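Asks: Here it is, the structure in full.
Residue numbers (UniProt numbering): 1 to 76.
Right, here's the structure in full:
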């Protein structure tokens with residue numbers, strides 16, 4: 001169930017990605033999370049055990065006529 005937010009999420013903060021821990025690790029980008037009253041930054045991380053043969057499709061905020069809503073990332 002989508003939760004709609006009236007305001008757009010802030011711009012992404014400038015952050016440096018930490019070094020890759022292994023050749024199979026996949027970076028999962030950080031994103032803004034809505035707490036019910038404000039946006040809070042959720043840091044990205046390296047997934048050290050990604051599903052074999054799949055790639056990460058990042059989550060994203062989308063706008064509709066009802067407001068902004070979060071579409072979670074997923075493995076495809």
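Just so it is clear, CB atoms sit at the ideal spot from N, CA and C, and this is done for glycine as well.
Predicted, not measured: the structure shown is a model, and the values here were computed from it.
Can residue 14 and residue 46 be called in contact, C-beta distance under 8 Å?
Replies: Note that the C-beta distance between residue 14 and residue 46 is not below 8 Å.
Asks: Here's the rule I'm using: 16 or more other beta-carbon atoms within 10 Å means buried, otherwise exposed. How should residue 75 be labelled?
Replies: exposed
Asks: In three-state DSSP terms, what is residue 35?
Replies: coil
Asks: With a CB to CB cut of under 6 Å and the five nearest residues on each side skipped, what residues in its chain are close to residue 60?
Replies: 71
Asks: If you drop the 5 nearest sequence neighbours on each side, which residues of the same chain put their C-beta closer than 6 Å to that of residue 50?
Replies: Take residue 50, set aside five residues on each side of it, and the residues of its chain with a beta-carbon closer than 6 Å to its own are 26, in chain order.
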